[in-house]
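Note that the working numbering gives residue 121 to position 86 of the sequence shown, counting from 1, and the numbers run on in steps of one.
Virtual Cβ for every residue (Gly too), placed ideally from N, Cα, C.
In this text, all values refer to a predicted model and were calculated from it rather than measured experimentally.
The next block holds one structure in the form of C-alpha cells; read it before the comments.
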Amino acid sequence: MPLYEFFCKHCDGVFETMRPITKASEPAPCPVCRRQAGRIPPTSFAAFTMREGYPRAIPDRGTYWHLEQEVKQPLRGSFRPNEHPELVKREPKRRPSKGEVAIARDKAQAQAKEAKKMRDSGAPIIHDSTGAS
Ligand SMILES: [Zn+2]
C-alpha cells in the first residue's frame, strides 16, 4: 500500500498514512486530534506547515525537517543551506597526534630559547617608547 500525506488544519501539521490507492483521496483521521485531515500532494509538504521556517510533521516529535529529512536541530549559524550538519557528515576536526604536539612544543621552546639568547647577547632591545615606568 502506498504512503500518502495528509494535512491537519487543526494541528497545523502533516502526517503520513498507508492506505489502498482506491481510498487515497478520502480524508484520514489525524493521529493527534483524530479530526479528518485532507490529503495533500507530497510536493507541497514544505509549503504550509512550518516551524521556525521548517516543515513540521505530526505526531510532533519536536524535530525539524531539512530538505525532506528529519533532523533534531534547525540550521543555525553559518552553514550553507544545503549542508545541515546532521545530514552532511563532515570530517571531524583531526586532533594533533602526540608527535605533532611534541614538535609544536619543541618549536615553542626553541623560539623561547632564541629570544633569551637575543636578550643575553646584549643586542639592542626595542622598548616601548611611551616610557611608562
Ligand atoms: Zn490534528
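Rounded separation between residue i and residue j - CA only
i: SER79; j: ILE138; result: Bear in mind that a pLDDT of 48 at SER79, under 50, signals an unreliable position, so the number given afterwards is only what the model happens to contain. Each residue's Cα considered, the two are about 57 Å apart.
i: ALA147; j: ARG130; result: 25 Å
i: PRO37; j: PHE50; result: 14 Å
i: CYS68; j: TYR39; result: 18 Å
i: ALA59; j: VAL123; result: 34 Å
i: GLY134; j: LYS142; result: 12 Å
i: GLY157; j: LYS128; result: 44 Å
i: SER105; j: ARG54; result: Per the sequence shown, the amino acid found at residue 105 is Glu instead of Ser. Roughly 23 Å separates the two Cα atoms.
i: ILE56; j: SER132; result: 59 Å
i: ASP155; j: GLN144; result: 16 Å
i: VAL136; j: MET153; result: 26 Å
Per-residue DSSP class, three states only, for residue i
i: GLY134; result: helix
i: MET11; result: The structure shown has nothing for residue 11, since the chain only spans 36 to 168.
i: GLU118; result: coil
i: LYS148; result: helix
i: ARG74; result: strand
i: ALA63; result: strand
Proximity test, Cβ basis, 8 Å: residue i and chain D
i: ILE75; result: Looking at the structure shown, chain D is missing, and only one protein chain is on hand.
Contact check, residue i vs residue j, beta carbons under 8 Å
i: ARG74; j: CYS43; result: no
i: GLU121; j: LYS107; result: yes
Chain-order list of residues whose beta-carbon lies under 8 Å from that of residue i (same chain, five-residue window excluded)
i: PHE41; result: VAL49, PHE50, GLU51, THR52, PRO62, ALA63, CYS65, ALA72, GLY73, ARG74, ILE75
i: ALA150; result: none
7 Å CB neighbourhood of residue i in its chain, flanking five on each side removed
i: CYS46; result: CYS65, VAL67, CYS68, ILE93
Cutoff 6 Å; reference residue i; Cβ partners in own chain excluding five residues on either side
i: PRO159; result: none
i: PHE83; result: Because PHE83 carries a pLDDT of 46, less than 50, the predicted location of this residue cannot be relied on, and no value is offered for it.
i: ARG140; result: none
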